[in-house]
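2 protein chains.
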Amino acid sequence: MADRNKTTIYDVAEKAGVSRQTVSRVLNNRQDVSDETRMRVKQIMDELSYHPSAIAQSLSRQKSYLFGVVTAGLRFIGPSRTLSGITSKAEELGYGLLLKELASFNSNNVKPLLQWFKSHQVDGIIWAAPEIEDNRYWVKDLMPDLDIPVIFLTMEEQSQVTIVTTDNFTGAKVATEHLIKKGRKHIGHISGPLDWWEARQRKLGWETALKEAGMTGSEQMWAPGNWSPKGGKTAFLELLTKFPEMDAVFVGNDQMALSVLQASLGIGKAIPQDLSVVGFDGIADSEFYCPPLTTVYQNQDELGRVAVAELASQIEHKINDNIIVEPKYITIQPELIIRQSS
Amino acid sequence: MADRNKTTIYDVAEKAGVSRQTVSRVLNNRQDVSDETRMRVKQIMDELSYHPSAIAQSLSRQKSYLFGVVTAGLRFIGPSRTLSGITSKAEELGYGLLLKELASFNSNNVKPLLQWFKSHQVDGIIWAAPEIEDNRYWVKDLMPDLDIPVIFLTMEEQSQVTIVTTDNFTGAKVATEHLIKKGRKHIGHISGPLDWWEARQRKLGWETALKEAGMTGSEQMWAPGNWSPKGGKTAFLELLTKFPEMDAVFVGNDQMALSVLQASLGIGKAIPQDLSVVGFDGIADSEFYCPPLTTVYQNQDELGRVAVAELASQIEHKINDNIIVEPKYITIQPELIIRQSS
DNA sequence: GTGAAAGCGCTAACAC
DNA sequence: GTGTTAGCGCTTTCAC
């Protein structure tokens, strides 16, 4: 673990009686070094417990093997599951991570952030914060000048950039269709805040399923929550008032569904007899709600992993073949998990 | 956002007709530059949309304004809440974060990790992974040679290193005392896995509270879980068998408590009438369990923030006064939140 | 196969 | 106040 005065490539070279170049070649596993020299240098590296300075290498190579990651809302389980996928795949591929968490979900102050990443020579950026309101306005303005590949998570298709996202629309549609198949006639929806793209997609999935089944999703069958259990409860009570005949509800996420279950029991509505409930996300806890929650599982870990893999692949292509990879829209299908709440 | 061929300090110097030093001085807000020159240089920086290379600065200054962060289990809510505290405080103090997530909680392969951080010149390290089994063996071996300040989270007091942790023992004791005050006579405990330091501390808190009240916590009044709802359920059913008179249970975390509530209802035990339940962690959802869960809230966000603040302060001291700060053991008190489950 | 020279972009130490 | 000279630790030419 070395001394205070770090041993450098120079120390190794001197002790081995070769030039710094030769040491560098050994370091980078170049073939134009005789086996004998290589052995000797390697041994001396060990003796001196020499380790190259990544920072000096980055400066010299103009490549850092670092990705910048932008996240938001780590105190919630979704973003951190995604981050977990990012860390594991990055580790696999030999990339380190420079992490920034936005102070708020809809932070719009991206320019300094991009600049910070750039000044640290990151090889690529993963934008793992959700699309909300106009917090993507900058993509068309800033992206063309940014000579660093970026992968966006969880946002609407856009021709210029590569995006990896769960198919929220289909997930919601499948969930609603499940309720329809169960014979429910009055299917309400509690959405996330509609300035979130995901919330809008899920609402649209619900509406579309109803429409295709010859039913309609009117305004009185829907109420907006804020993703939190507390907000879900408020929305649920509001919805019950304006839509008393409701016999099923598709809830925008599991945490709101949790409080729907609680509130429902509180007013004597049995689940699923009086009210079927389906959530979204498939968090681990949902299996242990009362009753266990039917939900749409989205694999956020995989989301992160795919994003990293795609980013690494774009970088490889750019370096090796000097090919700019075409923007892609990669979609991950969620999966309906049927439990007792429906 | 600049051109392909990055503008450097040299370009600015040339265009401004000064030396690179002067530009560097302006960059670092040194006072020994005439206002006139400073203005001119600044203007040229703007014109060229020049931004310094953090990586070159790091190499030259031997200081990176980066912290290394080691985490584990980001797919769980606890570690990510802590990470969230870390990111926000680091941002406040002007530090960036280099993130590594351990592949498993009890990973013992720390040497390459420390080396990686070191080669990236991090100014300090926050070890935010929990203490499990012997995964701290290396502290006494490796720490002396590591000339980078490290703050550890969530581990037993150890004289050589600075540690920030929730007071798990007291939290558990307070929880158990609460049950005693409620008149419960047969108070069981479902712990986390005992190779976790936190789990042992919480169990000890339970035992101590019982002892101080003249009761005893025997082996048959306790069962180990694995933090997960599923494991909690298994442990609960096991515990009921060997300790049928149980009228209260202190559960090692909220997620296991969740499944205890579910299982309890499943077998017709009313909560809190037949069985009082208290959890640990105070996750947001616990307020919306059926019934709402009494729990010990630990402020993990604050844990992260304190760790970062302490690390930054140690670094300041080291640089300014060349004082090596004495290792500290900083404890954060959790807080009992009483709800309907007790 | 190996070495010398130049450079990555910036700052510290010293001169003037 | 400002410029010059050396680095920081490594890699990339291009010789030999």
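In order, the protein sequence lines correspond to chains A and B. Residue numbering for the first sequence follows this note's numbering, starting at 10 and increasing by one per position. Residue numbering for the second sequence follows this note's numbering, starting at 10 and increasing by one per position. Note that beta-carbon positions come from the ideal geometry of N, C-alpha and C, so glycine has one too.
Which residues in chain B sit within 7 Å of residue i, going by Cβ to Cβ distance?
| i | result |
| --- | --- |
| Arg-49/A | What Arg-49/A touches in chain B: nothing, since even the nearest Cβ is about 22 Å away. |
| Leu-274/A | Cys-299 |
| Gln-52/A | By Cβ distance, chain B contributes nothing, its closest Cβ being about 18 Å from Gln-52/A, past 7 Å. |
Measure the alpha-carbon distance for residue i versus residue j and round it to whole angstroms.
| i | j | result |
| --- | --- | --- |
| Ala-258/A | Leu-213/A | Strictly speaking, residue 258/A in this sequence is Val, with Ala absent from that position. If I take the Cα positions, the gap works out to 14 Å. |
| Trp-231/A | Thr-217/A | 14 Å |
| Asp-204/B | Gln-130/A | 41 Å |
| Pro-274/A | Ala-318/A | According to the sequence shown, residue 274/A is Leu rather than Pro. Each residue's alpha carbon lies about 45 Å from the other. |
| Ile-333/A | Gln-323/A | 8 Å |
| Tyr-104/A | Asp-55/B | 33 Å |
| Asp-156/B | Ser-168/B | 17 Å |
| Lys-278/B | Pro-253/B | 12 Å |
| Arg-84/B | Arg-90/A | 5 Å |
| Asn-115/B | Leu-249/B | 30 Å |
| Asp-176/B | Asp-143/B | 21 Å |
| Leu-106/B | Ser-97/B | 11 Å |
| Gly-288/B | Val-173/B | 22 Å |
| Glu-101/A | Ser-227/A | 48 Å |
| Gln-307/A | Leu-188/A | 19 Å |
| Val-286/B | Pro-343/A | 35 Å |
| Ile-18/B | Pro-121/A | 19 Å |
| Ser-113/A | Ala-81/A | 7 Å |
| Ser-295/A | Gln-264/B | 10 Å |
| Glu-335/B | Pro-158/B | 11 Å |
| Ala-293/A | Tyr-298/B | 15 Å |
| Ala-222/B | Arg-193/B | 11 Å |
| Val-148/A | Ser-351/A | 41 Å |
| Leu-111/A | Val-79/A | 7 Å |
| Glu-262/B | Trp-236/B | For the record, residue 262/B in the displayed sequence is Asn; it is not Glu. Approximately 6 Å between the Cα atoms of the pair. |
| Asp-290/B | Tyr-338/A | 39 Å |
So what's residue i in DSSP terms, helix, strand or just coil?
| i | result |
| --- | --- |
| Ile-341/A | strand |
| His-187/A | helix |
| Trp-215/A | helix |
| Pro-233/B | strand |
| Thr-225/A | coil |
| Leu-75/A | strand |
| Thr-16/A | coil |
| Ala-257/B | strand |
| Ile-292/B | coil |
| Ser-168/B | coil |
| Ile-346/B | strand |
If the cut is a Cβ gap below 7 Å, which residues of chain A does residue i touch?
| i | result |
| --- | --- |
| Ser-93/B | Leu-83, Arg-84, Glu-110 |
| Gly-103/B | Within chain A, no residue comes near Gly-103/B; the closest Cβ sits about 11 Å away, beyond 7 Å. |
| Gln-307/B | Those within 7 Å of Gln-307/B in chain A number zero; the least Cβ separation is about 13 Å. |
Could you name the residues of chain A that residue i contacts, counting a contact when the two beta carbons are closer than 9 Å?
| i | result |
| --- | --- |
| Thr-163/B | Per Cβ cutoff of 9 Å: no residues; Thr-163/B is ~17 Å from chain A at best. |
Could you name the residues of chain B that residue i contacts, counting a contact when the two beta carbons are closer than 8 Å?
| i | result |
| --- | --- |
| Arg-90/A | Leu-83, Arg-84 |
| His-129/A | Ala-63, Ile-64, Gly-105 |
| Ser-285/A | Going along chain B, no residue has its Cβ under 8 Å from Ser-285/A, so there is no contact; the nearest lies around 17 Å. |
| Leu-57/A | Within 8 Å Cβ-Cβ: nothing; Leu-57/A doesn't reach chain B, min ~14 Å. |
| Leu-270/A | Cys-299 |
In chain B, which residues lie with their C-beta within 9 Å of the C-beta of residue i?
| i | result |
| --- | --- |
| Ala-222/A | Near Ala-222/A there are no residues of chain B at all, since even the closest Cβ is about 31 Å away, more than 9 Å. |
Could you tell me the boundaries of the alpha helix (DSSP H) in which residue i lies?
| i | result |
| --- | --- |
| His-129/A | That residue, His-129/A, is in no alpha helix (DSSP H); it is neither H nor E in DSSP. |
| Pro-88/A | 86-102 |
| Thr-46/B | 44-56 |
| Met-319/B | According to the sequence provided, residue 319/B is Glu. The question's Met does not apply to it. Taken as a continuous stretch (DSSP letters only), the alpha helix (DSSP H) holding Glu-319/B covers 309-329. |
| Glu-110/B | Unbroken run through Glu-110/B is the beta strand (DSSP E), 105-111; no alpha helix (DSSP H). |
| Ala-266/B | 263-275 |
| Ser-33/A | 29-36 |
Just checking residue i against the ligand NAP - is the residue's beta carbon closer than 7 Å to any of the ligand's heavy atoms?
| i | result |
| --- | --- |
| Lys-239/B | Among the ligands in the structure shown, none appear at all, so the ligand NAP cannot be discussed. |
Starting from residue i, find everything on chain A with Cβ-Cβ shorter than 8 Å and list it in chain order.
| i | result |
| --- | --- |
| Asp-294/B | Pro-238, Gln-264, Leu-267, Asp-294 |
| Gln-349/B | Near Gln-349/B there are no residues of chain A at all, since even the closest Cβ is about 11 Å away, more than 8 Å. |
| Leu-68/B | Ser-62, Ile-64, Ala-65, Leu-68 |
| Asp-310/B | Arg-84 |
| Thr-97/B | With the sequence shown as reference, residue 97/B is identified as Ser, and Thr is not the correct amino acid for it. In chain order: Glu-110, Ala-112. |
What is the residue span of the beta strand (DSSP E) that residue i lies within?
| i | result |
| --- | --- |
| Thr-163/B | Premise fails: Thr-163/B is in no beta strand (DSSP E) and is neither H nor E. |
For this session: Report yes or no: do the stretch 73-86 of chain B and the stretch 124-137 of chain B share at least 3 C-beta pairs separated by less than 8 Å?
Result: yes
Exercise. Taking three-plus beta-carbon pairs below 8 Å as touching, is the stretch 183-197 of chain A in contact with the stretch 160-174 of chain A?
Worked result: no
For this session: State whether the stretch 260-270 of chain B contacts the stretch 239-251 of chain A, with contact taken as three or more CB pairs (one from each stretch) at a distance under 8 Å.
Result: no
Exercise. Is there contact here, the stretch 134-149 of chain B with the stretch 63-73 of chain B, by at least three beta-carbon pairs under 8 Å?
Worked result: no
For this session: Would you check if the stretch 26-33 of chain A and the stretch 28-44 of chain B touch, i.e. whether three or more CB-CB distances between them fall below 8 Å?
Result: no
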